[in-house]
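Report on the structure given below.
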Amino acid sequence: MTLTFYTNPMSRGQIVRWALHEAGADYDQVLLDYGTTMKALDYLKVNPMGKVPAIVHDGKTVTECAAICAYLAEVFPASGLSPTENERADYYRWLFFTAGPLEQAITDKHLGITPTEDQQRMAGYGNLERAVDVLDGALSNREYICGVRFTMADVYVGSQVDWGLQFGTLPERNSFKAYAERFRERDAYKAAKAIDMALMPEAED
């Protein structure tokens, strides 16, 4: 099997690199720049959106971080990161809650968009405070998003919490800090972060 990973170290590609390491996947890396190679015709054939990350696995392309995470868990079953029957509902619920309502609410806040009460019915997430409270409630009584076991959903949800705490887009709730402390100790997290941190000076040249 061949797996090519298209990324930039200062991007959501960090999520997928962590997922690749958790899955134990061997991969070839292609580094892209935002203003040049990411918009070049060769890469637009991979992802017409002109953004990273993307993977091409045995000729099949997968984009969107949450989709890539779920895909990797399935095609590398030995990693044990797919949900069990009892975990499946929480796995998909919180994976897509974080990829949808939570990320949209954070993005809108960053862009200075605050939906009015009427607009909140259309926005899908209501408001950022509600989305944050919902995730806080989910993490307040469990170690990981599906319970006591780390799954691939934690790579995606964990990345959002990790960045949120680092950049101040999420409040420093006790549940978020405790959750982050747990996954930051994982070998795959540390290995993936070390690679991206080492690549950043190269990307800035």
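Its first residue numbered 1, the sequence shown is counted upward by one per residue in full-length UniProt numbering. All residues carry an ideal CB built from backbone N, CA and C; glycine is no exception. Keep in mind the model is a prediction, meaning the values are calculated, not measured.
Margin query: Would you call the stretch 131 to 140 in contact with the stretch 61 to 70, where contact means no fewer than 3 C-beta pairs closer than 8 Å?
Written below: The stretch 131 to 140 vs the stretch 61 to 70: no contact.
Item checked: First through last residue of the beta strand (DSSP E) which encompasses T7 -> Counting from 1 along the sequence shown, the entry for residue 7 is found at position 7. Run containing T7: L3 to T7, per the beta strand (DSSP E) assignment.
Next item on the list: On a CA-only basis, which of V157, G100, S175 and R88 is nearest A19? Give me that one, please.
Entry: Taking the sequence shown and counting its residues from 1, one reaches residue 19 at position 19. The residue from V157, G100, S175 and R88 with its alpha-carbon nearest to that of A19 is V157.
Next item on the list: Return the first residue and the last residue of the alpha helix (DSSP H) that I15 is part of.
Entry: Position 15 of the sequence shown, counting from 1, holds the residue named residue 15. G13 to A23 is the span of the alpha helix (DSSP H), which, as asked, contains I15.
Next item on the list: Find the nearest neighbour of S79 within the set Y92, K39 and A188, judged by alpha-carbon distance.
Entry: Taking the sequence shown and counting its residues from 1, one reaches residue 79 at position 79. Ranking Y92, K39 and A188 by CA distance to the CA of S79 puts A188 first.
Note to self: Going by DSSP in three states, I113 sits in which element: helix, strand or coil?
What the structure shows: The residue labelled residue 113 in the question sits at position 113 within the sequence shown. Coil.
Check: So who's on the other strand from D28, going by DSSP bridges?
Finding: Taking the sequence shown and counting its residues from 1, the one referred to as residue 28 is at position 28. Looking at the DSSP assignment, D28 forms a beta bridge with T4.
Notebook entry, point to check: With which residues is Y144 paired in a DSSP beta bridge?
Noted result: Locating residue 144 in the sequence shown gives position 144, counting from the first residue. Its beta-bridge partners are G147.
Notebook entry, point to check: Just how far apart, CA to CA, sit D26 and D154?
Noted result: For the purposes of this step, residue 26 is taken as residue 26 along the sequence shown, with counting starting at 1. For the purposes of this step, residue 154 is taken as residue 154 along the sequence shown, with counting starting at 1. Rounded to the nearest angstrom, the two C-alpha atoms are 21 Å apart.
Note to self: Please identify the residue among D90, T2, Y34 and M122 whose C-alpha is closest to the C-alpha of residue 214.
What the structure shows: Given a span of 1 to 205 for the chain in the structure shown, any question on residue 214 remains unanswerable.
Note to self: Using only CA atoms, which one of Q14, T4 and F5 lies nearest to residue 216?
What the structure shows: No information on residue 216 is available, as it lies outside the stretch 1 to 205 that the chain covers here.
Next item on the list: Measure the CB-CB distance between residue 208 and I55 and report whether it falls below 8 Å.
Entry: Beyond the ends of the chain as shown, which are 1 and 205, falls residue 208; an answer cannot be given.
Item checked: Coarse secondary structure for V62, derived from DSSP in three states -> Numbered from its first residue, the sequence shown carries residue 62 at position 62. DSSP places V62 in strand when its eight states are reduced to three.
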